[in-house]
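Asks: First the structure, then my questions, so here it is.
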Ligand code: AMP
Ligand code: GLY
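Residue numbers (this note's numbering): 72 to 479.
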């Protein structure tokens, strides 16, 4: 099979590495890709990853049999629709279904209609309405921009003044919602219409600093393992959240296909949805793939064509992923620094590239999240492995959390 993978992050590198292991793979095309897998995949640098019509024309000419879309932006731009219009099966939802991630207001209304547990909320059209609405609320509370913001459009306000500040800086519609207390969990399923099969549960570490301090990021590391939650909690999430969400999407005329990702808060009143994403989580997927033993190409191809596998094959180990970030991340970062120690690190763990670029001087930093390291084993062993590998990697400004997998 000729496969097209869209995206440029560590999640896509991890997916690509697994697709390359499949005996059914002919050639893997990676649009746009990053500095990883040089010589093993065909990088497609000249097409905008959100330009659906151009991608579809190119894919048809190239004889692509399956497309796999990693990030949310191409999904929201309708790349999946364009590919399917020309008969190329795509692992990833339609533009209409991607609104579940693309609009907080759409997601909140869908949850309210379907009776899915989530934080109490009010929609606002902009700063003025937000400030007015805040008169009815007390802190702590959460202010969210409506559209995509790579995990950075959310302010968890401890005081009303902080919430007012966030409300004032809204650049368009938003949502104000109740603050939920608890442990966070990422629960992903592969879905086609109302059929689905769950992936191993995972937990993302969203804040930049140890002990969950500092700014929100796209994710600084993750743990995956069945030990994260009980079977009865899995059942509850499945029945109260996943099933009704898929049914509501079908009713809304936007049946789901791909990965449905529920970002949950495990509260004293049970699991509640913080957000839905319509794709694999990053960096959760880098951990999850260490435990997932199926032929990835076979599974993604089946889902894309509507044949949901009955069950997936999993290791009962734990897996960890750790993000190595540039100085300044999640704010503006200085990049272009050579990365030392990559080969030594690779002896211990999987090293996935995100913000990297290949130059004549070798591989240099080119973004905020630079690399993800991932390992599996017992929880302690997996931790030791990723941190031993992290200690071997150097570039100016490098920072990472020291507490991934520490408190579960
Ligand atoms: P979101 O993009 O909606 O997932 O929000 C990003 C992060 O903000 C989440 O992973 C949580 O850590 C935090 N967050 C969002 N909504 C809430 C909420 N209602 N209560 C507490 N924390 C929240
Ligand atoms: N790690 C959070 C996300 O992928 O949105």
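Backbone N, C-alpha and C define an ideal beta-carbon position, used for all residues, glycine too. Small disclaimer: the values here were computed from a predicted structure and weren't measured.
So is the beta-carbon of residue 277 under 8 Å away from any non-hydrogen atom of ligand 2?
Replies: Yes - ligand 2 has a heavy atom lying nearer than 8 Å to the Cβ of residue 277.
Asks: May I have the straight-line CA-CA distance separating residue 105 from residue 256, to the nearest angstrom?
Replies: 29 Å
Asks: To which residues does DSSP link residue 128 through a beta bridge?
Replies: According to DSSP, which records beta bridges pairwise, residue 128 is partnered with nothing at all.
Asks: Work out the CA separation of residue 203 and residue 469 for me, nearest whole Å.
Replies: 42 Å
Asks: What are the uninterrupted segments assigned as beta strand (DSSP E) that are 3 or more residues long and contained completely in the stretch 328 to 408, given in chain order?
Replies: 328 to 338, 341 to 348 and 389 to 396
Asks: Let me confirm a value: residue 454 is counted as buried when at least 16 other C-beta atoms fall within 10 Å, else exposed. Which label applies?
Replies: buried
Asks: Is residue 147 close to ligand 1? I mean its beta-carbon at under 8 Å from any heavy atom of the ligand.
Replies: no
Asks: From the DSSP output, in three-state form, read off residue 245 for me.
Replies: strand
Asks: Would you check whether ligand 2 has a heavy atom nearer than 8 Å to the C-beta of residue 281?
Replies: no
Asks: Alpha carbon to alpha carbon, how far is residue 185 from residue 311? Give it in angstroms, no decimals.
Replies: 9 Å
Asks: For residue 347, which option in 181, 197 and 461 has the closest C-alpha, if you only look at C-alpha atoms?
Replies: Considering only alpha carbons, the answer is 181.
Asks: Report yes if the C-beta distance between residue 439 and residue 471 is below 9 Å; otherwise report no.
Replies: no
Asks: Within the present structure, is the beta-carbon of residue 353 separated from the nearest heavy atom of ligand 2 by less than 8 Å?
Replies: Yes, Cβ of residue 353 sits closer than 8 Å to a heavy atom of ligand 2.
Asks: In this structure, what does DSSP give as the bridge partners for residue 415?
Replies: Answer is none; residue 415 lacks a bridge partner.
Asks: Going by the beta-carbon positions, is the gap between residue 205 and residue 147 smaller than 9 Å?
Replies: Taking 9 Å as the cut-off, the Cβ atoms of residue 205 and residue 147 do not count as close.
Asks: Please name the residue or residues paired with residue 294 in a DSSP beta bridge.
Replies: 274 and 391
Asks: Among 474, 476, 127 and 397, which residue has its Cα nearest to the Cα of residue 465?
Replies: 397
Asks: Can you tell me whether residue 157 sits near ligand 1, meaning its C-beta is under 8 Å from at least one heavy atom of the ligand?
Replies: no
Asks: Start and end of the beta strand (DSSP E) containing residue 100?
Replies: 99 to 103
Asks: Given a threshold of 16 other Cβ atoms within 10 Å of its Cβ, counted over all protein chains shown, does residue 477 qualify as buried or as exposed?
Replies: Residue 477 comes out exposed.
Asks: Which of the three DSSP states is assigned to residue 214 in this structure?
Replies: Three-state result, residue 214: strand.
Asks: Kindly list the residues whose CB is nearer than 8 Å to the CB of residue 432, restricted to its own chain and excluding five residues on each side of it in sequence; keep chain order.
Replies: 409
Asks: Is it the case that the CB of residue 18 approaches a heavy atom of ligand 1 more closely than 8 Å?
Replies: Lying before the first or after the last residue shown, residue 18 is absent from the chain, which here runs from 72 to 479.
Asks: Would you call residue 111 buried or exposed, if buried means 16 or more other Cβ atoms sit within 10 Å of its Cβ?
Replies: exposed
Asks: Do you know offhand how far residue 128's Cα is from residue 474's?
Replies: 46 Å
Asks: I'd like to confirm something about residue 332: is its beta-carbon nearer than 8 Å to some heavy atom of ligand 2, or not?
Replies: yes
Asks: What did DSSP end up calling residue 466 once you bin it into helix, strand or coil?
Replies: coil
Asks: Hey, would you say residue 343 sits closer than 9 Å to residue 188, going by beta carbons?
Replies: yes
Asks: Which runs of the alpha helix (DSSP H) fall wholly inside the stretch 296 to 326 and span at least 4 residues, in chain order?
Replies: 302 to 308 and 314 to 322
Asks: To the nearest whole angstrom, what separates the beta carbons of residue 308 and residue 335, a pair I think is in contact under 8 Å?
Replies: 7 Å
Asks: Does the distance from the C-beta atom of residue 366 to that of residue 83 stay below 9 Å?
Replies: no
Asks: I want to know whether the stretch 314 to 327 touches the stretch 169 to 181 - three or more CB-CB distances under 8 Å.
Replies: The answer is yes - the stretch 169 to 181 touches the stretch 314 to 327, with three or more Cβ pairs under 8 Å.
Asks: Going residue by residue through the stretch 424 to 471, where are the continuous beta strand (DSSP E) segments of at least 3 residues, counting only ones entirely within it?
Replies: 427 to 430, 433 to 436 and 440 to 448
Asks: Can you tell me whether residue 157 is buried or exposed? The criterion is at least 16 other CB atoms within 10 Å of its CB, across all chains shown.
Replies: Exposed, because fewer than 16 other Cβ atoms sit within 10 Å of the Cβ of residue 157.
Asks: For residue 429, I'd like the list of residues in its chain whose CB is within less than 7 Å of its CB, leaving aside the five on either flank, ordered along the chain.
Replies: 106 and 109
Asks: Express the C-alpha separation of residue 371 and residue 78 in angstroms, rounding to a whole number.
Replies: 16 Å
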